[in-house]
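K.L.:
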Amino acid sequence: MPTFLSDEWFTTSNAVLAQASKQGTESQVQSAHVVLELDDGPNDKPHAMTFEIKDGLASVASGDHFMADTIIRLSFADAQALVEGTLTSADVLREGRIKVRGDVHAIVSLASWLAALREITTS
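According to our numbering, the sequence shown is numbered sequentially starting from -1.
1. Short of 7 Å in beta carbon distance, which residues of its chain neighbour residue 114, apart from the five on each side in sequence? Order them along the chain.
2. Could you spell out the range, first to last residue, of the alpha helix (DSSP H) harbouring residue 79?
3. Evaluate the contact criterion for the region 49 to 67 versus the region 77 to 94: three or more CB pairs, one atom per stretch, below 8 Å.
4. Per DSSP, residue 132 forms a beta bridge with which residues?
5. Taking all protein chains shown into account, do 16 or more other C-beta atoms lie within 10 angstroms of the C-beta of residue 47, making it buried, or fewer, making it exposed?
6. Counting only the same chain and skipping the five closest in sequence on each side, list residues whose C-beta sits under 6 Å from that of residue 99.
7. In chain order, what residues of the same chain lie with their CB nearer than 6 Å to the CB of residue 101, ignoring the 5 residues before and after it?
8. Could you have a look at residue 66 and say whether DSSP puts it in helix, strand or coil?
9. Here's a check: name, in chain order, each residue in its chain whose Cβ is nearer than 8 Å to the Cβ of residue 35, leaving out the five neighbours to either side.
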């Protein structure tokens, strides 16, 4: 199991997202850049990552994107728990543990892609 936000994690995540695309993971939006800001992350890890959804495919990269449609700010621990599946998008929204700027509809699409990423930590 790769360490969250390591180079290996990004490589494995993109492989899983590509496979999920082939298996028909649904997206509510055709194109979006969703940035997750993690201000309290460890110094040796990125403090942001960008999910790009384009033509029904998703990928994730380290860092932010200047053309972000949605910016989500949450704690490093919550981001890790979302990816691991020990916390749901509904939980962080309901409990006010997340701040969102921009297109809220992109979050719905991101949730389905996060579900695909749970394979990394549960397999």
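Every residue, glycine too, gets a C-beta built ideally from N, C-alpha and C.
Computed from a predicted model, the values in this text were never measured in an experiment.
P.N.:
So, from the data block:
1. Here the set comprises 14, 15, 18 and 23.
2. That run of the alpha helix (DSSP H) goes 74 to 82.
3. No, the region 49 to 67 is not in contact with the region 77 to 94.
4. Since the first residue shown for the chain is -1 and the last is 121, residue 132 is missing from the structure and cannot be characterised.
5. Around the beta carbon of residue 47, 16 or more other beta carbons sit within 10 angstroms, so the residue counts as buried.
6. Excluding sequence neighbours, residue 99 sits near 69.
7. Same-chain partners within the cutoff: 67 and 68.
8. When secondary structure is reduced to three states using DSSP, residue 66 falls in the coil class, being assigned neither helix nor strand.
9. Excluding residues within five positions, the ones whose Cβ falls inside 8 Å are 45, 46, 62, 69, 70, 71 and 72.
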